[in-house]
Amino acid sequence: MKTTMKTLILLVFTLALFNCDNDDGDPITSPNEDVCNFQGLTFLDTGDNTQTLIPDSELTTDFFYTSSNGPEVEIYDTANPGDFWFVTEVVEANASGVGRLNIGGTIHNVNVTCQRTGSAVNEEMRFDVTANGLEAEFCVRINEYH
3 MKTTMKTLIL LVFTLALFNC DNDDGDPITS PNEDVCNFQG LTFLDTGDNT QTLIPDSELT
63 TDFFYTSSNG PEVEIYDTAN PGDFWFVTEV VEANASGVGR LNIGGTIHNV NVTCQRTGSA
123 VNEEMRFDVT ANGLEAEFCV RINEYH
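So the numbering used here is basically just the index in the sequence shown, starting at one, shifted up by 2.
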């Protein structure tokens, strides 16, 4: 039952990622923030409410400073690391680039903006993740620093 619920939640997230926009709008009244108000994977629903899909306590964040690709971050579902993960080399504040998001075995190429960066265990990192004009956000604490 737990696996079914997790799969259902991830399916809803996939639909939400491609059907909602987290903080688009006027840069004066609706800016991208660099502060983590909600921990985990979140999105803004159609009622303008922040929804947490996976809390930070269920995610593991690895910061690989000495990766062969250069610094990169991997965030994954602690209980099911092969089922849900996000990887990006965009780790400097205000940098933009690409990342990969795996949801239930389907890998999505996504655009990433690093809004907040860390460089030690327990420091916060915040990523805006967009695809097809839609947006979600990871706001996590670094669990492992390599």
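Where a beta carbon is used, it is the ideal one built from N, C-alpha and C, also for glycine. Note that this is a predicted model, so its numbers are computed, not measured.
query, result
"Where Ser98 falls: helix, strand or coil (DSSP)", "strand"
"Own chain, CB closer than 6 Å to Gly135, minus 5 neighbours either side, in chain order", "none"
"Backbone secondary structure at Glu60 - three-state DSSP", "helix"
"Under the three-state DSSP convention, the category Asn113 falls into", "strand"
"Inter-residue spacing [alpha-carbon to alpha-carbon] between Phe86 and Leu61", "10 Å"
"Extent of the continuous beta strand (DSSP E) to which Glu139 belongs", "Leu136 to Arg143"
"Among Asp79, Ala81, Asp64 and Thr80, nearest to Pro73 - alpha-carbon criterion", "Asp64"
"Cβ neighbour criterion (16 or more within 10 Å) applied to Val142", "buried"
"Length of the line joining the Cα atoms of Phe88 and Ile105", "9 Å"
"Closest by C-alpha distance to Asn113, when choosing among Thr132, Thr119 and Ser69", "Thr132"
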